[in-house]
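Peer 1:
Number of protein chains: 2
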Amino acid sequence: MSAEQRVADALDAFRHSLDNSGVIDGNAPDAVRYLHDWTGDYLGAACAVLRPKSVDEVQQIVRICSKYRLAIIPQGGNTGLVSGTVGNDAQGTIVLSLERLNRIRSIDPTNFTMRADAGVVLQSMKDAAENEDMLFPLALGAQGSCQIGGNVATNAGGINVLRYGMTRDLVLGLEAVLPDGSLWQGMTGLRKDNRGYDFKQLLIGSEGSLGIITGVEVKLFPRPANVETAYLGAESFESAMRLFGMARRICSDLLTAFEVIGSECIAMAKLGNPDTRPPLEGDWPVHIIMELGCSAAIDGRVLIETLLAEAFEAGLLGDGTIAQSRAQARAFWAIREDLVEGQAKRGRHVRTDLSVRLSDVPRMIDSCRQAIASDWPGWQPLAYGHAGDGNIHFNVLPPHDMPTEEIAAATPRVLASLYDIVRDLGGSFSAEHGVGRSRRDVYWDWLTPESRQLMKAIKSAFDPQGMMNPGGLMPD
Amino acid sequence: MSAEQRVADALDAFRHSLDNSGVIDGNAPDAVRYLHDWTGDYLGAACAVLRPKSVDEVQQIVRICSKYRLAIIPQGGNTGLVSGTVGNDAQGTIVLSLERLNRIRSIDPTNFTMRADAGVVLQSMKDAAENEDMLFPLALGAQGSCQIGGNVATNAGGINVLRYGMTRDLVLGLEAVLPDGSLWQGMTGLRKDNRGYDFKQLLIGSEGSLGIITGVEVKLFPRPANVETAYLGAESFESAMRLFGMARRICSDLLTAFEVIGSECIAMAKLGNPDTRPPLEGDWPVHIIMELGCSAAIDGRVLIETLLAEAFEAGLLGDGTIAQSRAQARAFWAIREDLVEGQAKRGRHVRTDLSVRLSDVPRMIDSCRQAIASDWPGWQPLAYGHAGDGNIHFNVLPPHDMPTEEIAAATPRVLASLYDIVRDLGGSFSAEHGVGRSRRDVYWDWLTPESRQLMKAIKSAFDPQGMMNPGGLMPD
Numbered sequence: 001m002s003a004e005q006r007v008a009d010a011l012d013a014f015r016h017s018l019d020n021s022g023v024i025d026g027n028a029p030d031a032v033r034y035l036h037d038w039t040g041d042y043l044g045a046a047c048a049v050l051r052p053k054s055v056d057e058v059q060q061i062v063r064i065c066s067k068y069r070l071a072i073i074p075q076g077g078n079t080g081l082v083s084g085t086v087g088n089d090a091q092g093t094i095v096l097s098l099e100r101l102n103r104i105r106s107i108d109p110t111n112f113t114m115r116a117d118a119g120v121v122l123q124s125m126k127d128a129a130e131n132e133d134m135l136f137p138l139a140l141g142a143q144g145s146c147q148i149g150g151n152v153a154t155n156a157g158g159i160n161v162l163r164y165g166m167t168r169d170l171v172l173g174l175e176a177v178l179p180d181g182s183l184w185q186g187m188t189g190l191r192k193d194n195r196g197y198d199f200k201q202l203l204i205g206s207e208g209s210l211g212i213i214t215g216v217e218v219k220l221f222p223r224p225a226n227v228e229t230a231y232l233g234a235e236s237f238e239s240a241m242r243l244f245g246m247a248r249r250i251c252s253d254l255l256t257a258f259e260v261i262g263s264e265c266i267a268m269a270k271l272g273n274p275d276t277r278p279p280l281e282g283d284w285p286v287h288i289i290m291e292l293g294c295s296a297a298i299d300g301r302v303l304i305e306t307l308l309a310e311a312f313e314a315g316l317l318g319d320g321t322i323a324q325s326r327a328q329a330r331a332f333w334a335i336r337e338d339l340v341e342g343q344a345k346r347g348r349h350v351r352t353d354l355s356v357r358l359s360d361v362p363r364m365i366d367s368c369r370q371a372i373a374s375d376w377p378g379w380q381p382l383a384y385g386h387a388g389d390g391n392i393h394f395n396v397l398p399p400h401d402m403p404t405e406e407i408a409a410a411t412p413r414v415l416a417s418l419y420d421i422v423r424d425l426g427g428s429f430s431a432e433h434g435v436g437r438s439r440r441d442v443y444w445d446w447l448t449p450e451s452r453q454l455m456k457a458i459k460s461a462f463d464p465q466g467m468m469n470p471g472g473l474m475p476d
Numbered sequence: 477m478s479a480e481q482r483v484a485d486a487l488d489a490f491r492h493s494l495d496n497s498g499v500i501d502g503n504a505p506d507a508v509r510y511l512h513d514w515t516g517d518y519l520g521a522a523c524a525v526l527r528p529k530s531v532d533e534v535q536q537i538v539r540i541c542s543k544y545r546l547a548i549i550p551q552g553g554n555t556g557l558v559s560g561t562v563g564n565d566a567q568g569t570i571v572l573s574l575e576r577l578n579r580i581r582s583i584d585p586t587n588f589t590m591r592a593d594a595g596v597v598l599q600s601m602k603d604a605a606e607n608e609d610m611l612f613p614l615a616l617g618a619q620g621s622c623q624i625g626g627n628v629a630t631n632a633g634g635i636n637v638l639r640y641g642m643t644r645d646l647v648l649g650l651e652a653v654l655p656d657g658s659l660w661q662g663m664t665g666l667r668k669d670n671r672g673y674d675f676k677q678l679l680i681g682s683e684g685s686l687g688i689i690t691g692v693e694v695k696l697f698p699r700p701a702n703v704e705t706a707y708l709g710a711e712s713f714e715s716a717m718r719l720f721g722m723a724r725r726i727c728s729d730l731l732t733a734f735e736v737i738g739s740e741c742i743a744m745a746k747l748g749n750p751d752t753r754p755p756l757e758g759d760w761p762v763h764i765i766m767e768l769g770c771s772a773a774i775d776g777r778v779l780i781e782t783l784l785a786e787a788f789e790a791g792l793l794g795d796g797t798i799a800q801s802r803a804q805a806r807a808f809w810a811i812r813e814d815l816v817e818g819q820a821k822r823g824r825h826v827r828t829d830l831s832v833r834l835s836d837v838p839r840m841i842d843s844c845r846q847a848i849a850s851d852w853p854g855w856q857p858l859a860y861g862h863a864g865d866g867n868i869h870f871n872v873l874p875p876h877d878m879p880t881e882e883i884a885a886a887t888p889r890v891l892a893s894l895y896d897i898v899r900d901l902g903g904s905f906s907a908e909h910g911v912g913r914s915r916r917d918v919y920w921d922w923l924t925p926e927s928r929q930l931m932k933a934i935k936s937a938f939d940p941q942g943m944m945n946p947g948g949l950m951p952d
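Residue numbers (this note's numbering), protein chains in the order written: chain A, 1 to 476; chain B, 477 to 952.
In structure tokens form, the structure reads like this:
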């Protein structure tokens, strides 16, 4: 059978199984938004985009794909930054969008848990939790369009990892369609269960390479009634990290965010929004946005004030102010958002999401700055990020007048010099963005031979035909 | 080659690789304590007990075992309750004790982490953390002799899971010798790292079936400066669980323990210690021990008082008292310990560590009590445990005059009726004790066909020769 005939037969089978709007031809204009990645850097190809409305339809799709030897790229909100859901095989691949599996199944207030279809948008889950006076703490820039299934498949991070953990730490149960079409059922809301291998841990972070997550049960938390936000200035990242340790102790781990912003980023925030103005008098090398959430019975203001007093006393803090209103707190956070906006205005640049041990954060930033200064004259480093998790976005802007192709050509080499530094420190090139296709080679390169072997063995155990997201995570 | 010759050759090879005290003949008197399980119910057999002093020696042992086709049972403190480390093949199995790999490798106060050999006793880790004014929160009855490697291999639970999670949640990095003798290196102290498959999650809870954990990097926490303990009386488990939800909200998740004790257990505590006396006036169906830990900057007393006032108001609480001293707090906890002691005095009985969703705890206890009352007249149920985690030890004492053989014969059937109830509720027969050999059959029976298949595939991927802890977790 020719490839064309095989695809045509498969499309017939899909149309037989799904309703009309469930099957989009890969060449149709409607398919484009599923084939373009969020960065806009890549346009992929697929023979069809499929939009099942039930778990049963997902299983049917998998069986049809298996029969016609089509690969499957599961896709959530398609907001990833590493081309994890962009394939380029118009004859051999389908995109399976979970967007119509979008029902919140149930909320159990006594168990503090929520069950949801994989395609529910993160913000909807947050809203549903809030309606019950609870908190689903996962918080990302893309929360208005990313889906919980994608968050789980990439073990997404975000701004509140400090207090509540990565997505992995929030997942109690999973349900997934395996590559043989069977449904793996693990939708348990148990908080304590140590029976044998925990399969869901493999699916979390597997980026669609082992199966298709169709349902999730997550932990909820009490919604903090009091939120206190402070904007601080420190002499160095060293001081900032020591301040963070002090904050953990004094605030009893009630901090929800501890973000650092190198002073060089302030100009970028002003580029993003000319009205931006940090709420501090002096010109501090490191700006810090710190947030704490607690119940009404705890005086969060006193906690922060106690911390600031002790930090001044210990010489860890240059200046600091506590938001007196929600509007002021939002203004502090706006600086963090504006600096991302400013980078976007500068066009193509080098982005990272590095992580190291907290004790290595200052050394990592120093070394990266030195590397750029010595090897990439005219390029401008920016260091900011989730310092409380050891996760720094060390980005680099190209010289103003550099042509895009030259930037694109230099990017892998700029990244390589930063990655070398992180690798030497035992860190990660991917704190929260994942591997996908754009970082697959560096991922594979860093893995030890033992890990590569385990990885292949696990992949074969789940997906012997190699039909799940080929080209993601692993070389094809 | 005869089996005897093969074993003799292997023993020679072990003696060549390890020092004299590293090899104990399976028949030697010194071997007995490694072959007897902690419950004393089983005496196993092995051709040798090996006590390596380094990771390199562990690797050598694995290679020798592979060559001579000997199975390996890794053993930590040997304090498990499910015969996870007791083999019975005197010709084909060695016990590999990690007890001489007992060095704390390093503590990183900025990163709030500790690296340790797998054989370090849990209490030593807790002490080392405390010396640095930090907390390693894992807390178990056996903490004076269990080892961190065993805690990880079984994903141990304990008293503080509520606040700090299971062992799984405390592990940032692992190092393990794989069945081919290679060393899998994952001793990262990163808090945010979402690169691909997280192999360590498979080793956690694998009960020695996939490899030998030799090193661990764990999270540390600020040591709570204030600890408040309350002893409460409630009308029902329903009220207790609602109280717990209220406590989470008011105390901003600073609770470290929420234990329930059915009133029927108080007689058992008095059997354990005749001086035991609950600190409440009335005769409450449910006793609760609640503990909260926080920094010096938070008034924990006010939090508990606020909670008690609101709980009285809401009708969730009958009576309650807050410990006025550490001695009084210890007296509260002694009741919990005495009731375990009392059960031991009653001799052989049915022990469980069931878990269900928090919302199902009252129903589960009711159903179990009814099942015992109707099907096992003369047997006495006891319900107590870590209610904040949905984990109840629903134990059953046999009639006073029942001969031991009769108890032993009835035990599986008593367990079966309790397990059926938990299974119907989507719960677990093993919240924290693990599967081992004694619960392998029920484990296997409950697994879905999909999970059984995945389990076998993963086992084969790691351990194609089937040399790791045969008979544990899986049928031989």
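Glycine included, C-beta positions come from ideal geometry on N, C-alpha and C.
Is A/TRP38 close to chain B? Criterion is C-beta to C-beta, closer than 8 Å.
Peer 2: Mapped onto the first sequence, residue 38 of chain A falls at position 38. Closer than 8 Å: no.
Peer 1: Around the Cβ of B/SER682, are there at least 16 other Cβ atoms within 10 angstroms (buried) or fewer (exposed)?
Peer 2: In the second sequence, counting from the first residue as 1, residue 682 of chain B sits at position 206. It counts as buried.
Peer 1: Along chain B, in chain order, which residues have C-beta atoms closer than 8 Å to that of A/CYS251?
Peer 2: For the purposes of this step, residue 251 of chain A is taken as the residue at position 251 of the first sequence. Simply SER771 and ALA773.
Peer 1: Do the stretch 74-91 of chain A and the stretch 422-434 of chain A touch if we need at least three Cβ pairs shorter than 8 Å?
Peer 2: Counting Cβ pairs under 8 Å, three or more are found: they touch.
Peer 1: Taking DSSP as the reference, what is the three-state secondary structure of A/ALA45?
Peer 2: The sequence position of residue 45 of chain A within the first sequence is 45, counting from 1. Strand, per DSSP.
Peer 1: Between A/ILE392 and A/HIS386, what straight-line distance do the alpha-carbon atoms span, to the nearest angstrom?
Peer 2: Residue numbering aside, residue 392 of chain A sits at position 392 when the first sequence is read from its first letter. Residue numbering aside, residue 386 of chain A sits at position 386 when the first sequence is read from its first letter. Roughly 6 Å separates the two Cα atoms.
Peer 1: Looking at the ligand MN, does it come within less than 7 Å of B/MET950, judged from the CB to the closest heavy atom?
Peer 2: What this structure holds is no ligand at all, so the ligand MN is not there to describe.
Peer 1: Interface residues of chain A around B/PHE870 at Cβ under 9 Å?
Peer 2: Mapped onto the second sequence, residue 870 of chain B falls at position 394. Residues of chain A passing the Cβ test: none, with the nearest at roughly 14 Å.
Peer 1: According to DSSP, B/ASN871 sits in a beta bridge with which residue or residues?
Peer 2: Within the second sequence, numbered from 1, the residue matching residue 871 of chain B stands at position 395. According to DSSP, B/ASN871 bridges with B/LEU858.
Peer 1: Taking the CB atoms as reference points, tell me whether A/ILE335 and A/ARG301 lie closer together than 8 Å.
Peer 2: For this step, residue 335 of chain A is matched to residue 335 along the first sequence. For this step, residue 301 of chain A is matched to residue 301 along the first sequence. No, Cβ-Cβ distance for A/ILE335 and A/ARG301 is not below 8 Å.
Peer 1: Quick one: list the residues of chain A neighbouring B/PRO585, beta-carbon separation under 9 Å, in chain order.
Peer 2: Taking the second sequence and counting its residues from 1, the one referred to as residue 585 of chain B is at position 109. Ordered by position in chain A, the residues that pass the 9 Å Cβ test against B/PRO585 are GLY245 and SER359.
Peer 1: Output, in sequence order along the chain, the residues in the stretch 594-608 of chain B whose CB is closer than 9 Å to any CB in chain A.
Peer 2: Against chain A - using a Cβ distance shorter than 9 Å - the stretch 594-608 of chain B contributes no residues.
Peer 1: Beta-carbon within less than 7 Å of A/ILE148's beta-carbon, same chain only, minus the 5 sequence neighbours each way: which residues are those?
Peer 2: Numbered from its first residue, the first sequence carries residue 148 of chain A at position 148. So the qualifying residues of the chain are ALA116, ALA118, VAL120, LEU122, MET125 and VAL216.
Peer 1: Which of the three DSSP states is assigned to A/MET134 in this structure?
Peer 2: Residue mapping note: residue 134 of chain A aligns to position 134 of the first sequence, counting from 1. Correct three-state label for A/MET134: strand.
Peer 1: In whole angstroms, what is the alpha-carbon distance linking A/LYS459 and B/ASP669?
Peer 2: Your numbering for residue 459 of chain A matches position 459 in the first sequence. Your numbering for residue 669 of chain B matches position 193 in the second sequence. Distance between the alpha carbons of A/LYS459 and B/ASP669: 20 Å.
Peer 1: Give me the subset of the stretch 884-915 of chain B whose CB atoms are less than 7 Å from a CB atom of chain A, sorted by chain position.
Peer 2: For the stretch 884-915 of chain B, which is checked against every Cβ of chain A, the residues closer than 7 Å are GLY902, GLY903, SER904, SER906, ALA907, GLU908, GLY910 and VAL911.
Peer 1: How far does the alpha helix (DSSP H) with A/LYS219 in it reach, from first residue to last?
Peer 2: Taking the first residue of the first sequence as 1, we reach residue 219 of chain A at position 219. Per DSSP, A/LYS219 belongs to no alpha helix (DSSP H); it is in the beta strand (DSSP E), 212-219.
Peer 1: Taking only beta-carbon atoms, is B/ASN554 less than 8 Å away from chain A?
Peer 2: Start at 1 with the first residue of the second sequence, and residue 554 of chain B comes out as number 78. Not one chain A Cβ lies under 8 Å of B/ASN554.
Peer 1: Put A/ARG115 into one of helix, strand or coil per three-state DSSP.
Peer 2: What you label residue 115 of chain A is simply residue 115 of the first sequence in a count that begins at 1. Here A/ARG115 sits in strand by DSSP.
Peer 1: Give the interface partners of A/GLU450 over in chain B, defined as CB-CB distance under 8 Å, in chain order.
Peer 2: For this step, residue 450 of chain A is matched to residue 450 along the first sequence. Ordered by position in chain B, the residues that pass the 8 Å Cβ test against A/GLU450 are LEU654, SER658, LEU659, TRP660 and GLN661.
Peer 1: Sort B/PRO585, B/LEU666, B/ASN636 and B/PRO951 by Cα distance to B/LEU730 and report the nearest one.
Peer 2: The sequence position of residue 730 of chain B within the second sequence is 254, counting from 1. Closest by alpha carbon: B/ASN636.
Peer 1: At a Cβ cut of 9 Å, what residues of the stretch 151-178 of chain A count as close to chain B, listed as they run along the chain?
Peer 2: The residues in question are THR154, ASN155, ALA156, GLY157, VAL161, LEU162, GLY165, MET166, THR167, ARG168, ASP169 and LEU178.
Peer 1: Any beta carbon of chain A sitting closer than 8 Å to that of B/ALA933?
Peer 2: In the second sequence, the residue the question calls residue 933 of chain B occupies position 457. It does: the Cβ of B/ALA933 has a partner Cβ on chain A nearer than 8 Å.
Peer 1: How about B/ASP456: is its C-beta nearer than 8 Å to some C-beta of chain A?
Peer 2: What is shown of chain B runs 477 to 952, which leaves residue 456 of chain B out entirely.
Peer 1: Between which two residues does the beta strand (DSSP E) containing A/PHE199 stretch?
Peer 2: Taking the first residue of the first sequence as 1, we reach residue 199 of chain A at position 199. Taken as a continuous stretch (DSSP letters only), A/PHE199 belongs to no beta strand (DSSP E), as it is neither H nor E.
Peer 1: In angstroms with no decimal places, state the Cα-to-Cα distance between A/ASN226 and A/ASP299.
Peer 2: Residue mapping note: residue 226 of chain A aligns to position 226 of the first sequence, counting from 1. Residue mapping note: residue 299 of chain A aligns to position 299 of the first sequence, counting from 1. Cα to Cα, A/ASN226 sits roughly 8 Å from A/ASP299.
Peer 1: Which chain B residues are close to A/PRO222, counting only those with a beta carbon under 8 Å from its beta carbon?
Peer 2: Stepping through the first sequence from its first residue, residue 222 of chain A is reached at position 222. Here the neighbours are ARG724, ARG725, SER728 and ASP729.
Peer 1: Comparing the C-beta of A/ASN391 with each C-beta of chain B, is any distance below 8 Å?
Peer 2: On the first sequence, residue 391 of chain A is found 391 positions in, with the first residue counted as 1. Output row for A/ASN391: interface = yes.
Peer 1: Starting from the C-beta of B/GLU714, find all residues in its chain whose C-beta is less than 8 Å away, skip the five residues before and the five after it, and write them out in chain order.
Peer 2: Numbered from its first residue, the second sequence carries residue 714 of chain B at position 238. Cβ neighbours of B/GLU714 beyond the five flanking positions: PRO838.
Peer 1: Could you say if the stretch 662-680 of chain B and the stretch 908-921 of chain B meet the contact criterion of at least three C-beta pairs nearer than 8 Å?
Peer 2: Result no; under three Cβ-Cβ pairs closer than 8 Å.
Peer 1: Determine the contact status of B/LEU719 and B/LEU792, defining contact as a CB-CB distance below 8 Å.
Peer 2: In the second sequence, counting from the first residue as 1, residue 719 of chain B sits at position 243. In the second sequence, counting from the first residue as 1, residue 792 of chain B sits at position 316. Contact: yes.
Peer 1: Since A/ALA176 is in the beta strand (DSSP E), which residue starts that stretch and which ends it?
Peer 2: As a position in the first sequence, residue 176 of chain A is number 176, starting the count at 1. That run of the beta strand (DSSP E) goes 171-177.
Peer 1: Taking the alpha-carbon of B/GLY864 as reference, which of B/LEU830, B/LEU930, B/SER893 and B/GLN846 has the nearest alpha-carbon?
Peer 2: Within the second sequence, residue 864 of chain B is the residue found at index 388, counting from 1. When only C-alpha atoms are compared, the closest one is B/LEU830.
Peer 1: Using C-beta distances below 6 Å, list every residue in its chain close to A/GLY144, excluding the 5 sequence neighbours before and after it, in chain order.
Peer 2: One-based indexing of the first sequence puts residue 144 of chain A at position 144. Correct list, in chain order: GLN123.
Peer 1: With the cut-off set at 8 Å, would you say A/GLY471 and A/GLY76 are in Cβ contact?
Peer 2: Within the first sequence, numbered from 1, the residue matching residue 471 of chain A stands at position 471. Within the first sequence, numbered from 1, the residue matching residue 76 of chain A stands at position 76. No. Outside cutoff.
Peer 1: For the putative contact between A/ILE24 and A/ALA48, defined by C-beta atoms under 8 Å, what is the C-beta separation to the nearest angstrom?
Peer 2: Position 24 of the first sequence holds residue 24 of chain A. Position 48 of the first sequence holds residue 48 of chain A. Right, their Cβ atoms sit about 6 Å apart.
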